[in-house]
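Let me begin by presenting the structure, written as structure tokens, before commenting on it.
Numbering (the numbering used here), first residue to last: 16 to 278.
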């Protein structure tokens, strides 16, 4: 950045964890925003909500995959590595127009903010996806979508602060190794899928096959996001076909058709 003569302004909220006294920055200027309302916080103006809405879609989609695979473990449990991969994907999925518009709404970036209709339409589509996923998971008494996306109970992110001695000791390393081993064992149990070669796949078999491919590619570090989204689109189509096949026998027939079956 310095060679390109670029000047960067890094905006951070005024949190104690963001205080750095030993860093010498020449091309970057750090500006700490005051702890005020969302009027001066671009992230609170809509970026976080748009980001979380996409994360929830990943979470329910993953749970639906495990539910279809017949996983015995908690289908809503997510390990840290998987969550970090979702976070990376969700950040790339947030449209640049949403970020720019939120900065303009706070007055930090000059220019008039564009209409929020496109953002609202995008949020409405994601809300519809979340509702469909909840119904597929047969969730009893689901919470309101807005509450589910930005749950007030999750605002408390305080964690136990470890001292330097604790971080340098072997206790922390042992805990991390034990956690990683536990996560690996859980994944091995969840991803055990028996694949039987068939000459002609049924719709249910195709659902299982697509899900197995998604599970495999999710562990690959360089999978293209568009390729994964294409697989998810294919997965939605075969799921709709399977749902239609299962609901077809449940449709009410005509009176004549009923008596013809009785005869």
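Think of the CB as a built atom: it goes at the ideal place given N, C-alpha and C, for glycine as much as any other residue.
As the structure is a prediction and not an experimental result, all values here were calculated from the model.
Residue i burial status per 10 Å Cβ neighbour count (16 or more: buried)
i: residue 250; result: buried
i: residue 77; result: buried
i: residue 161; result: exposed
i: residue 282; result: Outside the shown range of the chain (16 to 278) lies residue 282, about which nothing can therefore be said.
i: residue 75; result: buried
i: residue 65; result: buried
i: residue 211; result: For residue 211, the pLDDT reaches just 49, beneath the cut-off of 50, and the residue's location in the model is therefore unreliable, leaving the point undetermined.
i: residue 81; result: buried
Through-space distance from residue j to residue i, alpha-carbon basis
i: residue 96; j: residue 140; result: 27 Å
i: residue 218; j: residue 156; result: 30 Å
i: residue 27; j: residue 261; result: 52 Å
i: residue 21; j: residue 166; result: 38 Å
i: residue 146; j: residue 71; result: 11 Å
i: residue 255; j: residue 88; result: 26 Å
i: residue 25; j: residue 44; result: 6 Å
i: residue 32; j: residue 263; result: 57 Å
i: residue 205; j: residue 59; result: With a pLDDT of 48 at residue 205, under the threshold of 50, the predicted position of this residue should be treated as unreliable, and no value is reported.
i: residue 144; j: residue 122; result: 32 Å
i: residue 83; j: residue 227; result: 11 Å
i: residue 229; j: residue 149; result: 20 Å
i: residue 248; j: residue 91; result: 22 Å
i: residue 99; j: residue 93; result: 10 Å
Beta-carbon proximity list for residue i, same chain, < 6 Å, skipping 5 on both sides
i: residue 241; result: none
i: residue 18; result: none
i: residue 164; result: 67, 68 and 71
i: residue 124; result: 118
Residues sharing a beta bridge with residue i, DSSP
i: residue 25; result: 45
8 Å CB neighbourhood of residue i in its chain, flanking five on each side removed
i: residue 62; result: 109, 113, 114 and 117
i: residue 46; result: 24, 25, 26 and 27
Residues near residue i in its chain [Cβ-Cβ closer than 7 Å; skip 5 each side]
i: residue 106; result: 66
i: residue 79; result: 148, 151 and 152
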